[in-house]
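Written below as structure tokens is the structure these notes are about.
Residue numbers (this note's numbering), protein chains in the order written: chain A, 1 to 265; chain B, 1 to 265; chain C, 1 to 265; chain D, 1 to 265.
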């Protein structure tokens with residue numbers, strides 16, 4: 001539906017398998033690298049690779065550290081720019097400021113948005129290595145170049161939250177707490193399992209996709225707003241504020257537990 | 001430069017002559033309509049026409065009322081959607097709220113942005129006739145759907161400025177005052193003439209394009225920020241706040257007069 | 001219909017007005033050159049211009065010599081390759097071997113096909129100036145590179161027909177004879193006029209387009225095969241073999257005269 | 001190189017893995033089918049699949065019967081047209097008239113060319129099921145619609161060679177003979193193996209790709225014309241006339257044996 005909205009064919013990128021896309025832990029670059037090395041593969045030589053380290057809308061699929069490292073090496077080997085879309089998973093969502101820090105990789109370009117303003121104000125940044133800055137002044141933008149209040153709140157947020165590792169540590173602790181809560185639900189709910197990383201966590205209903213939407217509706221009735229994700233909307237997706245308190249987590253997990261129980265009973 | 005920034009060919013629209021593009025007052029639709037009627041013209045049947053009633057970045061070129069009416073009729077005749085880009089010229093910039101009101105036409109789609117928030121906050125709207133609303137919910141947008149503060153300031157601005165015709169009348173008066181000031185400069189400056197409509201007015205340096213940039217720099221040194229427009233940046237472009245006072249207009253015109261004199265002397 | 005057959009948008013070329021396209025003899029390059037010189041015109045900088053010196057399927061529209069010369073100069077001025085599609089009008093169809101010889105211009109690329117084999121065998125050639133030959137061996141072709149019998153008949157035809165100007169002179173004489181015949185028909189048939197050049201001549205039914213198809217059908221019944229051309233198929237199109245005899249011309253014109261009379265009576 | 005020759009991005013098809021492309025016999029549709037079933041895969045819903053049953057230029061890679069059957073079923077399941085490019089492998093090259101007969105599948109569209117004229121004359125056919133014939137008359141072609149001599153020789157060839165299964169049987173016998181000869185060479189030449197099907201057979205030099213070109217040159221010196229194929233031109237490719245005699249096969253194999261020996265010694 002989203003792609004059809006463009007009105008013209010969207011044809012300048014080619015999907016490649018994400019980590020574990022084919023259900024195995026093994027050979028996921030095999031296909032991509034084979035195409036790159038095969039002069040007769042009919043793949044146009046790509047300028048770069050764009051990836052989320054944990055797919056958000058795709059259903060909270062975290063890529064393994066070794067897969068991300070493998071991708072970074074593949075890009076280096078073939079002269080492709082590595083672009084990390086950290087719009088949803090950056091700014092501490094998975095723990096560290098950049099979601100890719102766990103892999104020790106250095107993307108050429110990083111897309112940041114949403115939480116980067118620290119206050120819900122509109123803001124987006126594209127970071128890239130100085131050697132890739134070949135733009136003329138204003139070459140690739142429009143007449144909205146940035147909203148001043150966002151710059152101020154964004155700067156304040158960086159100073160307040162990222163001068164030390166307090167937020168990162170706290171996110172890890174809260175993530176573990178929510179994961180435990182979700183695991184408890186999953187244990188009581190056949191055909192579900194826990195997915196995600198950091199404070200982007202979810203409960204996948206796997207083959208019973210419609211239950212995720214029903215659980216989200218049941219949670220909403222109980223005063224909790226949760227989304228779904230995944231290509232069949234099969235994942236109940238929790239993305240609380242990083243500043244959520246332990247009491248709020250307990251309250252939220254309580255509602256999610258009840259909501260899931262109410263639709264699977 | 002802007003088009004090159006896309007990295008892929010921008011090929012899904014075809015430029016057609018704007019009013020007076022070819023220097024004559026006559027036959028500007030002749031070409032467009034000929035192409036539409038000629039089954040062998042190689043023009044892909046267009047879905048719609050997008051137009052600014054006064055070209056902003058294009059150099060403050062106002063389309064005549066009869067040209068706009070002619071375009072609206074042509075669109076009706078050929079089943080094309082008429083889309084007015086009122087991002088720069090809407091929200092009272094040329095007098096009435098919508099820039100196309102002077103022609104009594106009814107576009108199918110209107111693009112609004114910038115001033116629509118009333119307060120410099122990020123906001124953009126696409127208005128279209130209900131019969132064209134064939135989108136599914138959220139079909140053609142991303143995850144930023146609107147910033148709440150902009151909705152509030154936008155609503156306040158609409159109520160405050162557009163409950164009656166006070167602002168529109170005031171804009172007309174201020175426009176006449178600035179036009180008179182610019183005409184005085186033009187009279188003293190061979191090779192220049194005044195362009196624009198409402199409070200989007202400018203002084204075109206015609207064949208001496210570089211003087212516009214120089215005059216803008218000279219005004220900046222004197223404390224006034226002015227832009228240039230046109231494909232050769234040949235137009236010194238004044239777009240004051242609609243709430244500018246008469247004293248501020250006098251002060252601004254004084255600086256522009258001096259700035260132009262300093263670069264043309 | 002032809003364009004729709006591709007299945008994908010055909011968007012990498014932009015139509016520009018042919019000579020006399022807008023009904024006037026004057027300013028037809030005005031628009032094209034204005035777009036080329038206007039950095040804000042939204043026309044992608046073209047690599048070249050492709051033109052028929054007399055439009056065949058377009059309805060036998062001959063470009064004036066001065067228009068062709070103007071186009072060649074425009075191409076030189078803006079660094080565009082001039083490509084003449086001489087598939088239908090080359091190989092002597094309009095008199096000289098190349099249809100553009102009458103304008104004394106030198107295209108960068110010439111497309112030849114059809115009559116070039118001299119014998120109805122499949123053959124096509126793309127001639128270009130040596131300085132434009134940047135292809136690697138076999139870079140832009142498939143696995144059919146040329147049919148040997150066509151090379152032989154093509155060479156024989158060049159030798160036989162183009163060692164001197166006999167054929168060219170004969171074509172001029174025959175063209176005058178057929179034009180006279182068509183003028184006689186046009187004089188007796190209100191709302192028609194004669195079009196074309198050399199031995200690509202036709203009778204245009206102007207506002208009564210359907211009569212052309214009817215006349216073609218009436219000629220077919222009488223044993224003569226004629227086509228129609230033009231975006232409304234409004235032109236009865238005569239393209240006899242260059243080797244047609246005077247008697248055959250008389251016979252053909254007799255049939256055309258009767259056929260037109262039968263549908264316009 | 002071939003793709004670059006187009007001058008515009010070739011973006012309306014996406015490569016998918018051929019049989020055994022990833023070196024395993026297992027899961028080759030897994031990726032394609034996963035993309036088709038995944039609404040979030042970013043693969044534009046394809047209209048059809050185009051495949052060679054044995055890749056010719058790709059290096060004489062025969063698809064297994066069960067892979068072709070799986071592909072046909074996948075197409076049926078997802079409403080995709082199955083298009084077999086039988087230009088090189090059709091007309092008996094692999095034994096039966098259509099190369100896909102061995103799999104008992106029924107493509108929606110079949111591309112035929114080259115040998116279909118039976119005599120080296122230019123000819124190409126696109127066969128499709130009547131229910132797919134939605135074209136208007138002449139909608140998707142140009143002004144060359146077919147050369148009469150090719151129709152005559154093509155018809156004669158069909159009658160002469162395909163009234164019974166003599167040619168098919170003979171091709172099988174000759175194929176076995178040539179395979180045996182190539183196997184003998186491969187056994188004496190470490191790092192090579194035999195590839196292909198029917199009378200499209202080759203010797204792959206695997207990791208020592210340049211030897212294939214050298215062997216081809218050595219064969220040429222000895223009076224035998226052989227091509228190479230594969231993305232690194234690593235396959236010495238034999239495509240004799242289907243009417244080759246046993247003596248000619250012996251002579252040809254003798255030359256190939258010597259040629260290979262001369263470059264690998």
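Built from N, CA and C at the ideal position, the CB exists for glycine as well.
- Following the DSSP letters along the chain, one finds residue 129 (chain D) in no alpha helix (DSSP H), marked with neither H nor E.
- For residue 222 (chain A), the number of other beta carbons within 10 angstroms of its own is below 16, and it is reported as exposed.
- Judged by pairs of C-beta atoms under 8 angstroms, the region 256-264 of chain B touches the region 210-220 of chain B, as three or more such pairs exist.
- Only residues of its own chain outside the window of five on either side were considered, and among them 82, 83, 84 and 100 have a CB closer than 7 angstroms to the CB of residue 107 (chain A), listed in chain order.
- Short of 6 angstroms from the beta carbon of residue 44 (chain D), and not among the five residues preceding or following it, lies no beta carbon of its own chain.
- In this structure, residue 224 (chain C) sits away from residue 178 (chain C), with a CB-CB distance that is not shorter than 8 angstroms.
- Beta bridge pairing from DSSP links residue 237 (chain B) with B:202 and B:227.
- Listed along chain D are 231, each with a C-beta nearer than 7 angstroms to that of residue 38 (chain A).
- Closest by C-alpha distance to residue 20 (chain C), out of C:175, C:10, C:66 and C:130, is C:66.
- If you draw a straight line from the Cα of residue 235 (chain B) to the Cα of residue 131 (chain C), it is about 42 angstroms long.
- Each residue's CA atom was taken as its position, placing residue 265 (chain D) and residue 96 (chain D) some 38 angstroms apart.
- Here residue 226 (chain D) is near residue 238 (chain D), since their CB atoms are less than 8 angstroms apart.
- The beta-carbon separation of residue 181 (chain D) and residue 204 (chain D), rounded to 15 angstroms, does not stay under the 8 angstroms limit for a contact.
- Assignment of residue 55 (chain A) by DSSP, reduced to helix, strand and coil, places it in the strand class.
- Rounded to the nearest whole angstrom, the CA to CA distance from residue 112 (chain B) to residue 246 (chain B) is 28 angstroms.
- Contact annotation, residue 62 (chain D) with residue 202 (chain D): C-beta distance approximately 11 angstroms; criterion of less than 8 angstroms not satisfied.
- DSSP, reduced to helix, strand and coil, places residue 83 (chain B) within a strand of the structure shown.
- Under the three-state reduction of DSSP, residue 169 (chain B) is assigned to helix.
- Of the residues C:88, C:77 and C:23, the one whose Cα lies closest to the Cα of residue 52 (chain C) is C:88.
- The continuous alpha helix (DSSP H) containing residue 256 (chain A) extends over residues 246-264.
- In the three-state scheme derived from DSSP, where H, G and I count as helix and E and B as strand, residue 62 (chain B) is classed as strand.
- Cβ atoms of residue 127 (chain B) and residue 109 (chain B) come within 8 angstroms of each other, at about 7 angstroms.
- Residue 42 (chain A) places its beta carbon less than 8 angstroms from that of residue 15 (chain D).
- For residue 130 (chain A), the closest Cβ of chain B is not nearer than 8 angstroms.
- At a beta-carbon threshold of 9 angstroms, the residues of chain C lying near residue 139 (chain D) are 1, 2, 4 and 5, ordered along the chain.
- Taking CB atoms only, residue 8 (chain A) has a neighbour in chain B less than 8 angstroms away.
- In chain order, 116, 117, 118 and 123 place their CB closer than 7 angstroms to the CB of residue 154 (chain C), counting only its own chain and leaving out the 5 sequence neighbours on each side.
- Assignment of residue 112 (chain B) by DSSP, reduced to helix, strand and coil, places it in the strand class.
- Secondary-structure assignment with DSSP links residue 49 (chain B) through a beta bridge to B:82.
- By the Cβ neighbour-count rule, residue 92 (chain A) is buried, with 16 or more other Cβ atoms within 10 Å of its own.
- Between residue 5 (chain B) and residue 139 (chain A), the CB-CB gap stays under 8 angstroms.
- Here residue 48 (chain C) has 75, 80, 81, 82, 83, 108 and 109 as same chain residues with Cβ atoms under 8 angstroms from its own Cβ, once five neighbours each way along the sequence are excluded.
- In the same chain as residue 213 (chain D), and ignoring 5 residues on each side of it, the C-beta atoms closer than 6 angstroms to its own belong to 228 and 233, in chain order.
- DSSP places residue 216 (chain B) in the helix class (H, G or I) of the three-state scheme.
- Contacts with chain D at 8 angstroms (Cβ-Cβ) include residue 12 (chain A).
- The C-beta distance from residue 11 (chain D) to residue 12 (chain C) rounds to 12 angstroms, too long to fall under 8 angstroms, and the pair is not in contact.
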